[in-house]
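Quick note: UniProt numbering has the sequence shown finishing at residue 204, numbered continuously throughout.
Note sheet for the following structure.
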Amino acid sequence: MVKNRLYSDQKILNAVRRKDKTAWDVFFNQFDPLIRSILEWPRWKFSAQERQDVSQNIHLQLQKAVPKFKGKSSLRWFITRIAHQQCVNEVRRQVRENCFVVPSLQRTQTGDWNEKDFICPRTLDPYRELIRSERRSAVLDALKRLQETCRTSITLYYIENFTYQAIAEKLGISVNTVGSRLNKCLNKLHEDLCRHPLFKRSSP
């Protein structure tokens with residue numbers, strides 16, 4: 001079975017590289033079920049229109065990437081990685097636009113969704129993970145906009161885990177000054193972040 005699949009995959013790849021007229025039709029006829037299974041994963045929370053849009057993006061990316069496929073993994077795994085990345089890109093786009101997606105409908109009768117083909121763990125919520133990532137980037141950007149004294153104080157305490165005493169010694173100030181400075185600097189950071197769309201409402 002594996003040999004037959006590999007042979008079939010190789011025939012499809014050869015046809016694609018030769019630019020046969022029907023090559024891509026055959027390709028997507030064989031692999032669209034895999035692509036749909038990834039798009040329909042409930043944790044993406046894609047609407048029907050979003051799945052269609054992402055599917056088109058996946059097709060475009062595959063048409064660029066497949067002719068250059070070097071066979072270092074199975075073709076199925078190669079397609080899965082590209083499809084997954086396009087799904088992640090869509091979630092990232094929605095997060096950046098502060099667009100909170102509607103849940104997809106859950107399947108009935110048959111029960112659970114089959115997630116065995118996905119490259120991410122079953123416990124992963126890509127939406128939450130991307131929100132965390134985007135918020136982390138927003139905090140770092142806001143930190144760069146602070147004055148040097150605030151940026152240094154916050155970095156030493158919250159990122160490099162310095163104690164108040166260690167910060168006081170490094171900056172040549174009193175321990176009490178460290179506390180009051182951190183409080184003022186955090187207020188400034190908070191004011192900056194409150195203007196960012198990702199911090200205007202809680203994550204879903």
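Even for Gly, the Cβ is constructed at its ideal location relative to N, Cα and C.
Check	Outcome
Using the C-alpha atoms, what's the distance from Thr80 back to Lys70?	15 Å
Helix, strand or coil for Glu50, going by three-state DSSP, please let me know.	helix
With DSSP run on the structure shown, which of helix, strand or coil describes Phe78?	helix
Val139: which of Gln10, Asn187, Asn29 sits nearest, CA to CA?	Asn187
Which term fits Ser180, buried or exposed, when burial requires 16 or more other beta carbons within 10 angstroms of its beta carbon?	exposed
When burial is assigned at 16 or more other CB atoms within 10 Å of the CB, is Ser153 buried or exposed?	buried
Helix, strand or coil for Asn29, going by three-state DSSP, please let me know.	helix
Candidates Arg18, Arg36, Gln30: which alpha carbon is nearest Asp8's?	According to the sequence provided, residue 8 is Ser. The question's Asp does not apply to it. Checking every option, the nearest Cα to that of Ser8 belongs to Gln30.
How long is the line joining the alpha carbons of Ser55 and Lys19, rounded to whole angstroms?	22 Å
By DSSP, does Lys72 sit in helix, in strand, or in coil?	coil
In the structure shown, what three-state DSSP assignment does Trp44 receive?	helix
Please report the Cβ distance between Gln24 and Cys87, rounded to the nearest whole angstrom; I am assuming they are in contact, meaning their Cβ atoms lie under 8 Å.	Position check: residue 24 holds Trp in this sequence, whereas Gln was assumed. Between Cys87 and Trp24 the Cβ distance is about 21 Å, and since that is not below 8 Å, they are no contact.
Measuring alpha carbon to alpha carbon, tell me which of Gln94, Pro197, Leu13, Leu171 ends up nearest Cys150.	Leu171
With DSSP collapsed to three states, give me the class of Asp20.	coil
In angstroms, rounded to a whole number, what distance separates the CA positions of Glu134 and Gln10?	40 Å
Taking Cys185 as part of the alpha helix (DSSP H), name the residues at either end of that continuous run.	175-193
Check whether the Cβ atoms of Ala83 and Ile131 sit closer than 9 Å, and answer yes or no.	no
I need the DSSP call for Leu146, collapsed to helix, strand or coil.	coil
Buried or exposed: His190, going by 16 or more other Cβ atoms within 10 Å of its Cβ?	exposed
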